[in-house]
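Engineer: So for the sequence shown, the numbering used here puts the first residue at 33; every next one is plus one.
Beta carbons: idealized from backbone N, C-alpha and C, even for Gly.
Small disclaimer: the values here were computed from a predicted structure and weren't measured.
Got a structure for you, questions after.
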Amino acid sequence: MESTFKIVKSNYDRDKKQNTPYIIGINGIDCAGKTTLAKDLSGQLK
Numbered sequence: 033m034e035s036t037f038k039i040v041k042s043n044y045d046r047d048k049k050q051n052t053p054y055i056i057g058i059n060g061i062d063c064a065g066k067t068t069l070a071k072d073l074s075g076q077l078k
């Protein structure tokens with residue numbers, strides 16, 4: 033998970049410098065932790 037986050041963060045930072053929106057889609061079954069993951073990612077990317 034940490035290496036995936038590094039890739040996401042790198043791409044996010046690149047797009048932020050270019051003032052380009054960065055959209056992350058999260059898919060999964062009910063109660064898989066999608067909301068928790070989204071909140072964690074949001075906190076890390078701010």
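#1: Assuming L69 contacts I58 under a Cβ cut-off of 8 Å, what Cβ separation, rounded to an integer in Å, is found between them?
#2: Who are the Cβ neighbours of Y44 in its own chain at under 8 Å, not counting the five residues just before and after it?
#3: Would you tell me roughly how many angstroms separate the C-alpha atoms of R46 and L73, rounded to the nearest one?
#4: Using the three-state DSSP reduction, which class does N43 fall into: helix, strand or coil?
Structural biologist: Based on what the coordinates show:
#1: Taking the first residue of the sequence shown as position 1, residue 69 is located at position 37. Taking the first residue of the sequence shown as position 1, residue 58 is located at position 26. Indeed, because the Cβ distance is near 6 Å, the residues count as touching under 8 Å.
#2: The sequence position of residue 44 within the sequence shown is 12, counting from 1. Cβ neighbours of Y44 beyond the five flanking positions: Y54, L77.
#3: Along the sequence shown, read from residue 1 onward, the residue named residue 46 stands at position 14. Along the sequence shown, read from residue 1 onward, the residue named residue 73 stands at position 41. Going by the C-alpha atoms only, they are around 16 Å apart.
#4: As a first step, residue 43 must be located in the sequence shown, where it is residue number 11. The answer is helix: DSSP assigns N43 an H, G or I state.
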